[in-house]
Amino acid sequence: MFKALIRVHFSEWDYNSHWGGHDSPTALLATENEINDVSRVVAEESGMSPGLDLLGLEFSDDPFPDVGKGIGVYAGHGAEGRPNMPLEAIKGREASSLKQLKRNLETVNASELESSFQREIESLVQPCSAEIRRGETFYRARIGYECTEQVHSISFDATPRLVPYANVDLGAPPPPLASAGWLNRQGVS
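Heads up: the sequence shown begins at 1 in full-length UniProt numbering, then just goes up one per residue.
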């Protein structure tokens, strides 16, 4: 999920040190920005951010996935070893079909283009649609983590490791912890 948010909101030169950005995409999550409320990630009392370690693992895992098998946050290199152009934030790009529609509107009446534009919209909406059956239960993402573990090794890294919720514990938070959201009121799990 964070890879997708990074790709939508940030260009590669914001988070890739080869292009002058931060050392890692996770550094973007340690500062206040469009996708992050930093007070919920960094522990106030210590200034430590153990949650960022988990995200760091997500970003380092397969940075160049095959098409349809993950979200790439780095452009990488082409077949001849030359670097590809850095990835631009998706929110800053305009779809080629929209550009074509604008060009067509300069010479053709909008009513004549309406059916083709309708087909274009339908092709974008269909993959996002889902059937919701009566009585289905929805949960918001569980906030927090189950416990903190200290990894004992020869390494000098004493960073605590957070163990995320899993299986049945991943469901709805207990009512006292439930905050207001799109599907729930305060205190409703």
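Where is the CB? At the ideal position from N, CA and C, for every residue including glycine. These numbers come from a predicted model, not from an experiment.
Proximity below 7 Å, CB of residue i to CB of residue j
| i | j | result |
| --- | --- | --- |
| H22 | Y15 | yes |
| K3 | I71 | yes |
| V163 | C147 | yes |
| G78 | N84 | yes |
Residue i versus residue j - alpha carbon distance
| i | j | result |
| --- | --- | --- |
| V125 | P160 | 43 Å |
| A75 | S179 | 38 Å |
| E44 | A27 | Legend: pLDDT at E44 = 45, less than 50; position of this residue unreliable, no value from coordinates given. |
| Y165 | S115 | 47 Å |
| T137 | G144 | 21 Å |
| V42 | P175 | Low confidence applies to V42: its pLDDT is 48, below 50, so where it sits in the model is not reliable enough to give any reading. |
| R103 | G135 | 47 Å |
| Q118 | T107 | 19 Å |
| L177 | S123 | 40 Å |
| D66 | I132 | 31 Å |
Integer-rounded CB distance, given that residue j should sit under 8 Å from residue i
| i | j | result |
| --- | --- | --- |
| L87 | R7 | 7 Å |
Three-state class that DSSP yields for residue i in the structure shown
| i | result |
| --- | --- |
| R161 | strand |
| E44 | Annotation note: pLDDT 45 at E44 (below 50); position unreliable, no value reported. |
| E149 | strand |
| H9 | helix |
| H22 | coil |
| P127 | helix |
| P83 | strand |
Cβ-based neighbour list, residue i, same chain, cut-off 6 Å, excluding 5 preceding and 5 following
| i | result |
| --- | --- |
| S96 | none |
Contacts around residue i, its chain only, beta-carbon distance under 8 Å, and the 5 residues preceding and following it disregarded
| i | result |
| --- | --- |
| F64 | G72, Y74 and G76 |
| E12 | W19, G21, V73, Y74, A75, P86, L87 and E88 |
Sequence-distant residues of the same chain with beta carbon closer than 7 Å to residue i, five excluded per side
| i | result |
| --- | --- |
| K69 | none |
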